[in-house]
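Single-structure report; data block below.
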Amino acid sequence: MTDLPARRLLLVHAHPDDESINNGATMARYAAEGARVTLVTCTLGEEGEVIPPELAHLAPDKEDGLGAHRIGELAAAMKELGVADHRFLGGPGRFRDSGMMGVPQNRRPGAFWNTPVDEAAPYLVEVIRSVRPQVLITYDPHGGYGHPDHIQAHRVAMRAADLAAEPAFRRDLGSPHTIAKIYWNRVPRSVAEAGFARLRAANVEFPGVAHIDDIPGVVDDAEITAEIDGAAYTAHKAAAMRAHATQIAVDGPFFALSNDLGQPLFTTEYYQLVRGLPGVPAGRREHDLFAGTVHGTGGTDGPAGTTTQEAV
Ligand SMILES: [Zn+2]
């Protein structure tokens, strides 16, 4: 394990672009600080809509070339964030984008939503046991907003975290590793409301404004346990989002997806700790996701597991 950096962060996302929208500032910050940041993206996002008219031919009902194109967009985005380690679950194209909930693509062979969790999870177990992250970030059980691939990404991430720690499970995938802390992506309701108020007051080009319910992971402020101030990485996050040009149109501190509805671009990113011990006293928010782990900077040494697990 001596070749691994001290702090290791794993993110599990459904499609290329989700990582930059949800965690771009967090990823850029930890990468800049020397942590190992590993992104696992579960599908190529083949079923997305295409914003630029000149790329409309890539659409799934035309050439079906969007997935291959988005591999390049993701690579460009990761360059903007300084993240070198990004992978697709099971390799590029192993699992296909399932489309929105209820569409026929949900049931397509190879669709991520149509894949048993225990068939997909071992691919992630292998990554966990190799990278040995102290911190995992993924979605809540609703996938943030109900997209089948986001729900499935949550299920696979949580299942793989359990299986990776299980000593008897598939030793061919590496030696067991327990992830000290697991976080779900969140946005505090007050922050989302303030962001939309700014958007309505601003003179931006989008044809409409999204609804707060369109923002994944919005919860009452009391649910938030960690906030990562990414102000210093605003430009990196915006550039990474711009790199996903088929999916995102960025306009200053706002952006729109293919529905053309403006929404705020958050540079402070918020999380809810759902497994592991917080690195700060109850009632306070963490400002470092590694706080309380052996290699954290923002708290006392926490869950005893980390060193013993690393010695396995
Ligand atoms: Zn997505």
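To convert, take the position in the sequence shown, counting from 1, and add 588; that gives this note's numbering. Where is the CB? At the ideal position from N, CA and C, for every residue including glycine. Computed from a predicted model, the values in this text were never measured in an experiment.
Rounded Cβ spacing between glutamate 874 and glycine 867 (contact assumed at less than 8 Å): Here residue 874 refers to the residue found at position 286 of the sequence shown. Here residue 867 refers to the residue found at position 279 of the sequence shown. Indeed, because the Cβ distance is near 5 Å, the residues count as touching under 8 Å.
With a threshold of 16 other CB atoms inside 10 Å of the CB of histidine 765, please say whether the residue is buried or exposed. In the sequence shown, counting from the first residue as 1, residue 765 sits at position 177. By the neighbour-count rule (16 or more Cβ atoms within 10 Å), histidine 765 is buried.
Quick check: does the Cβ of valine 601 come within less than 8 Å of any heavy atom belonging to ligand 1? On the sequence shown, residue 601 is found 13 positions in, with the first residue counted as 1. For the sequence presented, residue 601 should be read as histidine rather than valine. Within the cutoff, so yes.
Is histidine 657 near ligand 1, going by C-beta to nearest heavy atom under 8 Å? Position 69 of the sequence shown, counted from the first residue, corresponds to residue 657. Checking the Cβ of histidine 657 against ligand 1 gives no.
Say yes only if the C-beta of glycine 633 is nearer than 8 Å to one or more non-hydrogen atoms of ligand 1, and no if none qualify. By 1-based counting over the sequence shown, the position of residue 633 is 45. Yes, the beta carbon of glycine 633 sits closer than 8 Å to at least one heavy atom of ligand 1.
In terms of alpha-carbon separation, which member of Arg788, Asp673, His799, Ala623 lies closest to asparagine 847? In the sequence shown, counting from the first residue as 1, residue 847 sits at position 259. Among Arg788, Asp673, His799, Ala623, the Cα nearest to that of asparagine 847 belongs to His799.
Ligand 1 heavy atoms versus the CB of aspartate 606: any closer than 8 Å? Counting from 1 along the sequence shown, the entry for residue 606 is found at position 18. Under cutoff, so the answer is yes.
Option nearest alanine 699 by Cα separation, candidates Thr631, Pro721, Gly660, Arg658: Reading the sequence shown from its first residue, position 111 is the one you call residue 699. Checked all of Thr631, Pro721, Gly660, Arg658; the closest Cα to alanine 699 is Thr631.
Could you pull out every unbroken beta strand (DSSP E) segment of at least 3 residues lying fully inside the region 798-857, listed in chain order? 814-817, 837-839, 842-844, 849-852
Distance check for arginine 617 and alanine 819, CA to CA, integer angstroms please. Within the sequence shown, residue 819 is the residue found at index 231, counting from 1. Within the sequence shown, residue 617 is the residue found at index 29, counting from 1. Cα to Cα, alanine 819 sits roughly 10 Å from arginine 617.
Touching or not, the region 677-689 and the region 628-647, by the rule of three or more beta carbon pairs under 8 Å? yes
DSSP state of threonine 881, grouped into three classes? Along the sequence shown, one-based indexing puts residue 881 at 293. Note: threonine 881 maps to coil in three-state DSSP.
Proline 721 versus asparagine 791 - alpha carbon distance: In the sequence shown, the residue the question calls residue 721 occupies position 133. In the sequence shown, the residue the question calls residue 791 occupies position 203. When rounded, the separation of the alpha-carbon atoms in proline 721 and asparagine 791 is 43 Å.
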